[in-house]
Amino acid sequence: MKRKIVYAGAAWGTGLLLASFLHPAFDFIIIPLCVILLAVMKYLFKQKFKEIFLILTILSVSVGFYRIYDMFVYKPVVDYAGNNISFSGKILDFTEYSGDKTSYLVKGKINDDVTAKITVYSDSYNCRINDKFYFTGSLTTPENDYLFNEKDYYKSKGIYLMSDKISEIKIIPDDKFSLVRILRDYRNYVTDFITSYLPEDESALLTGMLFGDKSLISDDDDELFYRTGIGHVMAVSGLHLVLFCSIFSFVFDKMKLGRISRFVLLEIVMLLFAVCSGLSLSVMRAAFMMTLVYAAPIFFRYSDTLNSLFISLIILTVSCPFAIRNPSLILSLTGAFGAGVFAPYITGRMKDGNFCQRNIKKVIYMFCVSAVIFPVSVMCFGEGSFFSPIANIFLTPICMAALFLALIASLTIFLNPVLLIKIAGLLCHIELKAVRFIGRQEFTYMNFDSKAKVFAGVLLIFCILTYFIFKDHKTEIIAVITSMVIFCTSVSVFNFIGRNDVKIALLGNNSIDVIVVSHKFSADIIDISGKKNNCSYVYKYLSDSNISNINNVIIRKSPYNSMSSYNSNLSLFKVGRIFMPYGAIVRNDMKVCGVFPEFTDYKNINFKYEDYFINISDTEITVNYGKFSFVCDNYKNTDFADVFAEYDNLFEPPECRTLIIPEYENETNEINAVCETNIVIKVNSNGEFSVGGL
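Last residue of the sequence shown: number 694 in the working numbering, and the count goes up by one each step with no gaps.
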């Protein structure tokens with residue numbers, strides 16, 4: 001059998017992925033399904049029986065390993081959720097927030113019994129990494145919600161519990177030698193040096209690329225980088241590690257070190273870099289792969305990217321099988337596969353003798369890398385950048401040049417390398433200008449719903465099967481291009497089909513806090529409660545719906561907090577008008593969301609459009625569209641109740657309940673089937689919905 005580790009790694013990863021999605025009660029389905037698939041491989045792809053046996057064995061072992069880990073490692077920890085406990089351990093990391101609040105990542109024992117990593121939110125204390133940490137309080141498990149899949153994210157990082165209800169906390173300084181603490185202090189020193197010589201946005205980008213710390217980068221810039229397709233430059237992984245090690249490789253070559261000495265020193269350098277970058281899964285993946293690359297000549301072997309990729313996957317998931325769902329690891333593995341396996345496979349036979357041929361090959365190479373990453377980005381994050389291939393050709397080299405200068409400056413920080421930092425800052429300035437312009441263009445990106453995610457997965461499987469069936473460069477290129485065209489075209493068509501529907505989204509956490517009425521490419525926002533997270537719900541809903549134009553923002557309560565929140569979160573949207581209650585004090589020259597606010601008593605606000613109109617009073621909100629009316633009555637205190645079961649075809653629970661009113665001309669729609677006369681849906685103060693006619 002050729003490349004056994006590839007078969008083993010693919011089977012191991014597939015087993016963990018299946019186990020992570022399926023309930024244990026359905027494990028019996030996995031093996032028969034795989035037997036059928038492998039039978040197809042046997043007769044269609046001419047696989048040997050020993051290869052099939054190896055795949056089935058490893059797949060079964062990986063599923064069993066996942067379940068055992070879940071039962072004996074995960075569940076004993078989460079059983080403490082909801083209980084008051086005592087904890088003793090040490091600080092692994094911490095993040096400071098405004099308002100003198102800090103998030104501590106601590107590792108230790110719960111009730112001197114079970115070892116666990118816990119995220120603790122508490123007041124800020126003067127502490128350092130590896131300081132001893134003691135607290136008593138109650139624990140909760142992270143939960144997925146509309147805004148963020150918190151449980152899945154932290155579980156993939158081995159963090160199963162969190163606490164923000166602390167009754168007592170005690171931190172004892174640890175004065176022992178700590179390499180991690182020394183590297184963190186060095187990292188902070190470099191960050192302070194950069195921020196002292198560069199403007200805020202440029203220093204934030206440079207430190208983000210250098211250490212993967214995006215805490216200083218504004219949410220807008222972070223979003224625009226991903227829209228442009230180069231968000232990976234701020235996720236420390238193989239690209240950064242290769243650049244870092246190349247500097248030392250050059251030095252070691254000049255020193256004429258032996259093969260073994262060079263390998264040992266490079267391993268030390270990689271370890272220090274990984275620790276300094278926070279030991280993220282993506283940088284650990286890169287470190288493992290590069291270790292195998294550097295170790296191959298010592299043992300008189302050739303390095304193989306695909307083998308190294310699957311070896312690193314096995315190593316990283318053995319320590320925590322839940323990491324198979326970590327988005328950072330998945331994208332890192334996908335990017336490494338695209339850059340190290342797929343793109344070289346497609347472009348390997350292309351000529352590169354002259355200037356034009358070299359550049360054509362480079363363009364196709366970057367397209368291949370983006371083509372591999374695109375479906376995974378859609379499935380993991382529900383978004384994708386159409387501009388990614390071009391951005392990676394022209395913009396990524398600018399980032400790499402800035403990063404290279406920053407690395408040299410960080411290694412010579414005690415020589416006061418101000419000039420290097422200034423030049424790197426200039427490159428970051430150019431990069432930010434380009435990204436801010438390109439990312440604001442609507443044609444560069446798109447958000448995708450759950451159906452598009454499934455469709456992307458199907459097309460990805462189609463491309464994989466095409467390779468196994470034909471094993472031909474031209475056929476695979478045609479399959480990839482065809483899949484990309486089909487996906488982009490079909491998603492764009494379906495995205496435009498429903499634009500004539502009026503959608504009423506009821507957003508909030510266990511209450512109707514915000515109502516968003518959208519039609520075609522614009523929306524109206526009616527903020528009822530003024531709660532802190534309201535704007536976050538609005539931002540996510542509008543982004544998921546690919547809406548960039550906001551006709552009106554109506555702020556009903558907490559005008560000052562809401563004004564600040566909407567002003568910062570909706571800066572990437574075009575806002576027409578914003579309304580605030582009488583009595584709110586705002587400077588005459590102050591704009592909110594780019595426009596001057598208007599003031600109202602909310603007794604009677606009307607927005608009339610071509611096909612529908614919205615009426616807002618101090619007691620209710622009404623939306624009329626043809627024969628259909630929606631009324632939110634006594635909305636000052638509306639709570640959700642579990643009464644949506646009867647109207648499953650109208651609503652999407654739980655925190656984003658969207659009522660879709662189909663285009664009126666369609667006489668066969670479901671709503672008209674409810675009642676032949678005018679339709680009215682009312683929501684009362686108890687959150688109960690009633691459907692009837694006038």
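Where is the CB? At the ideal position from N, CA and C, for every residue including glycine.
The structure presented is a predicted model; accordingly, all values stated were derived computationally and were not measured.
The segment 431-439 makes contact with the segment 222-233, as at least three CB pairs between them are under 8 angstroms.
The alpha-carbon of Leu17 is positioned some 48 angstroms away from that of Phe579.
In the same chain as Val275, and ignoring 5 residues on each side of it, the C-beta atoms closer than 8 angstroms to its own belong to Leu179, Val180, Leu183, in chain order. Of Asp123, Gly382, Thr136, the smallest CA-CA separation from Pro327 is found for Gly382. Non-local beta-carbon contacts of Cys368 in its own chain, meaning distances under 8 angstroms to residues more than five positions away in sequence, involve Gly338, Phe342, Ala343, Ile346, Thr347, Val480 in chain order. Around the C-beta of Asp618, fewer than 16 other C-beta atoms lie within 10 Å, and the residue is accordingly described as exposed. For Ile58, same chain residues with a beta-carbon under 6 angstroms away, outside a window of 5 residues either side, are Ala8, Ala11, Trp12 in chain order.
For the pair Lys362 and Ile393, the Cα-to-Cα distance works out to about 8 angstroms.
Contact check for Phe521 against Asn551 fails: the beta carbons are separated by 7 angstroms or more.
The alpha-carbon separation between Lys256 and Leu316 amounts to approximately 34 angstroms. Two segments are said to touch when three or more pairs of C-beta atoms, one from each, lie closer than 8 angstroms; by this definition the segment 150-163 does not touch the segment 240-249. Here the segment 347-356 does not lie against the segment 87-102, with fewer than 3 beta-carbon pairs under 8 angstroms apart. Proximity to Asn126 across Ile110, Thr115, Thr136, Thr102 peaks at Thr102, based on C-alpha coordinates. Distances from the CA of Ser568 to each of Lys532, Val6, Ala116 were compared; the closest alpha carbon is that of Lys532.
Judged by DSSP in its simplified three-state form, Arg349 adopts coil rather than helix or strand. Between the segment 57-75 and the segment 142-149, the count of C-beta pairs closer than 8 angstroms stays below three; the two stretches do not touch.
Your pair Gly137 and Gly108 does not check out as a contact, with CB atoms roughly 14 angstroms apart and the cut at 8 angstroms.
For Cys593, the CB contacts under 7 angstroms within the same chain, skipping 5 residues up- and downstream, are Val553, Tyr566, Asn567, Leu570, Val575, Ile578 in chain order. Using a Cβ distance threshold of 7 angstroms, Ser518 and Ile547 count as a contacting pair. Following the DSSP letters along the chain, one finds Ser88 in no alpha helix (DSSP H) but inside the beta strand (DSSP E) bounded by residues 84-97.
Taking a cut-off of 8 angstroms on C-beta distances, the segment 200-214 touches the segment 409-429, as three or more cross pairs fall below it. Counting only residues of its own chain and dropping the five nearest sequence neighbours on each side, Met379 has a CB closer than 7 angstroms to the CB of Lys453, Ala456, Gly457.
Excluding the 5 residues flanking it on each side, Ile324 has same chain C-beta neighbours closer than 7 angstroms at Gly13, Leu16, Leu17, Ser20, Thr317, in chain order. Comparing C-alpha distances from Tyr445 to each of Ile390, Ile585, His473, Phe462 shows the shortest one belongs to Ile390. With respect to Val293, Ser280 sits apart: the two C-beta atoms are not nearer than 7 angstroms. Under the DSSP definition of a beta bridge, Leu161 partners with Ile118. The DSSP-derived three-state label of Arg587 is coil.
Asn130 sits buried, since 16 or more C-beta atoms from the chains shown fall within 10 Å of its C-beta.
Per DSSP, reduced to three states, the secondary structure at Ser246 is helical.
Each residue's CA atom was taken as its position, placing Met563 and Pro597 some 9 angstroms apart. Positions of the beta strand (DSSP E) runs, each at least 3 residues long and wholly inside the segment 492-555, are given as 502-507, 514-519, 522-527, 549-555 in order along the chain. Looking at the backbone, the Cα of Pro297 and that of Val120 are separated by about 46 angstroms.
The beta carbon of Asp221 is closer than 8 angstroms to those of Asp201, Ala204, Leu205, Leu432, Val435, Arg436 in its chain, skipping five residues each way along the sequence. In this structure, Ile91 sits away from Ile110, with a CB-CB distance that is not shorter than 7 angstroms.
The C-beta separation of Val190 from Ser536 comes to about 32 angstroms, leaving the pair out of contact by the 8 angstroms criterion. Check the Cα spacing between Leu147 and each of Tyr560, Leu542, Glu620: the tightest is with Leu542.
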